[in-house]
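Visitor: Sharing a structure with you now.
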Amino acid sequence: MIENSQFDDITELLLHNSQLIYDGILGTATPVQVGASMAFAKYIQHVGITTKNYTIFLKTLETNNKWIVDELVGRYDPRLLFTSIKANSRLIKYAFEQLSIWHPGQIYEKVLLAILGIIEYSYFKPDDGYNIYRLDIQDLHNLGKFLNEDRDQEDVINATILDCLDRITLIGSYDHDITKNNIANHSFNIRDAYFDHTKSLGDIIPRVLLIRVKREDREVAPPENYLDFRQNKSDD
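For the sequence shown, the working numbering assigns the number 432 to the initial residue and increments by one for each residue that follows.
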């Protein structure tokens, strides 16, 4: 057990080296930072997600670096990353905020699926989800803008978004609240615009939100010797 004096020393050490530590657990600027961040992501994946540490999982997703996120997610479906903790307003708000920040095509697929997974399980019971976080029309636009009209409904991202929108169309089915009904109807209209070949998402969602941005081609990768080490460990 750490004594109070030791705890104070460690706290001071962390504070004085906060940038160095941050670069080592969430850094993406250099290959060494990415390698260290991958190791940390692997560590927290092994520890497991809880109500006390889930924010560090969120911050790791924000790196949007495929190498780091792959270590965080491992072999699991990224949509299930947060399902072991109870949905809360902070988590759902975070998900919609992240969707508002990124353009379609700009976000790494596993990051997007992890964020969509939060929305999917939070609104599995639509009115319960709405009572936790009262999403609005803009939230629906930021969700729907990631639909890819060039891909079919079986595409994993399209399928997940369509499922989320389908659930949201059921909000207010029992109490007929006008605000809820507006949300439900708008969700239906976005789904309909995707499925109806005489329409397009641009008929419902502001076109500026639908601009696709290509992901950075020169994403920083970890050092080759780290990848060799990682491969050797997985072969053991």
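Glycine is no exception: its CB is placed at the ideal position from the N, C-alpha and C atoms.
1) By Cβ distance, which residues of its chain are closer than 7 Å to R643, with the 5 residues on each side in sequence left out?
2) Which residues in the same chain as V504 place their Cβ atom closer than 6 Å to its Cβ, once the five residues preceding and following it in sequence are excluded?
3) Just to confirm the assignment: which complete alpha helix (DSSP H) runs, minimum length 4, are found wholly within the region 523-605?
4) Could you tell me the alpha carbon to alpha carbon distance between M432 and G560, rounded to whole angstroms?
5) What are the boundary residues of the alpha helix (DSSP H) that includes R649?
6) In chain order, what residues of the same chain lie with their CB nearer than 8 Å to the CB of S631, ignoring the 5 residues before and after it?
7) Using only alpha-carbon positions, find the residue among N656, Y485, S604, H477 that is nearest to K556.
8) Within its chain, find whatever has a CB closer than 7 Å to the CB of H572; leave out the 5 residues flanking it on each side and keep chain order.
9) Mapping DSSP to helix, strand and coil, what is G466?
10) Can you give the Cα-Cα distance for D570 and K611, rounded to whole angstroms?
11) Residues in its own chain within less than 6 Å of F619 by CB, not counting five upstream and five downstream?
Guide: Here's the rundown:
1) Within the same chain, R643 has close Cβ partners H534, P535, G536.
2) Spatial neighbours of V504 in its own chain (CB-CB distance under 6 Å, excluding positions within 5 residues in sequence) are listed in chain order as K541.
3) Fully enclosed alpha helix (DSSP H) runs of 4 or longer: 540-553, 557-563, 568-575, 587-599.
4) Only weak support exists for where M432 lies, its pLDDT of 48 falling under 50; the value from the coordinates is given anyway. Their backbone Cα atoms lie some 41 Å apart in a straight line.
5) Where R649 is concerned, there is no enclosing alpha helix (DSSP H), given that its DSSP letter is neither H nor E.
6) In chain order, E580, A624 place their CB closer than 8 Å to the CB of S631, counting only its own chain and leaving out the 5 sequence neighbours on each side.
7) Comparing Cα positions, the closest option is S604.
8) Correct list, in chain order: I636, P637, L640.
9) Helix.
10) Approximately 13 Å, taken between the alpha carbons.
11) Once the five neighbours on either side are set aside, the close Cβ partners of F619 are T600.
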